[in-house]
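**Student:**
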Amino acid sequence: MSRIHTPSDHAFATAPDMDKTTTGDGTGVNCLGYSNALITITASTSGGCTVACVLEESVDNNTFTTVGTIGTIPASQSKYALTASVNLKKRAQYLRVTYTIAGAVTDGANAVFHLFNPVQLPVVQTNGTVYL
Numbered sequence: 002m003s004r005i006h007t008p009s010d011h012a013f014a015t016a017p018d019m020d021k022t023t024t025g026d027g028t029g030v031n032c033l034g035y036s037n038a039l040i041t042i043t044a045s046t047s048g049g050c051t052v053a054c055v056l057e058e059s060v061d062n063n064t065f066t067t068v069g070t071i072g073t074i075p076a077s078q079s080k081y082a083l084t085a086s087v088n089l090k091k092r093a094q095y096l097r098v099t100y101t102i103a104g105a106v107t108d109g110a111n112a113v114f115h116l117f118n119p120v121q122l123p124v125v126q127t128n129g130t131v132y133l
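If you number the sequence shown the way the numbering used here does, the last residue is 133 and the count never jumps.
1. When we look at the beta-carbon of residue 82 and count the other beta-carbons within 10 Å, is it buried (16 or more) or exposed?
2. Tell me the DSSP bridge mates of residue 115?
3. Whose CA, out of 25, 13, 31, 36, lies closest to the CA of residue 120?
4. When we look at the beta-carbon of residue 18 and count the other beta-carbons within 10 Å, is it buried (16 or more) or exposed?
5. What three-state label does DSSP hand residue 21 in the structure shown?
6. For residue 161, count neighbouring C-beta atoms within 10 Å of its own C-beta (all shown protein chains included) and say buried if the count is 16 or more, exposed if not.
7. In angstroms with no decimal places, state the Cα-to-Cα distance between residue 102 and residue 117.
8. Determine the contact status of residue 49 and residue 76, defining contact as a CB-CB distance below 9 Å.
9. How is residue 45 classed by DSSP in three states: helix, strand or coil?
10. Pick helix, strand or coil for residue 83, following the three-state DSSP scheme.
11. Could you spell out the range, first to last residue, of the beta strand (DSSP E) harbouring residue 54?
12. To which residues of the same chain is residue 67 closer than 7 Å at the C-beta, ignoring the five residues directly before and after it?
13. Where residue 1 and residue 94 are concerned, what is the direct C-alpha to C-alpha distance, given to the nearest angstrom?
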């Protein structure tokens, strides 16, 4: 008997913020139904630019509060990445990344949320693009 698993039944990826070049709030991601998340933020910061990233949560996707600092992409980096592992059992339904960008970002900041281990199968998401 083979143990074949369907990845799309166990993982969901969405990229709510692509090529972010200005300071501001990211797009909220609905994490309902999943138990873990991995958030990956990438950017190229040539010319002295920095990108500071903070994770926020919300119960209604309108009013967000800070969970914590993810980190800062330092100046003069080519294709630098930050990652954050999040236990969704301890978080509100919606998560987003906020950006403080100092200087000019070369390629823009990008955030990808990887949601894992759905509580109930199948989980249906309608708030983003699926990349598998």
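A virtual CB, placed ideally from N, CA and C, is assigned to each residue, including glycine.
**Tutor:** Result, derived from the coordinates:
1. exposed
2. 14, 39
3. 36
4. buried
5. strand
6. In the structure as shown, the chain begins at 2 and stops at 133. Residue 161 is therefore absent and cannot be evaluated.
7. 29 Å
8. yes
9. coil
10. strand
11. 51–59
12. 55, 57
13. In this structure the chain extends from 2 to 133, so residue 1 is not present and cannot be described.
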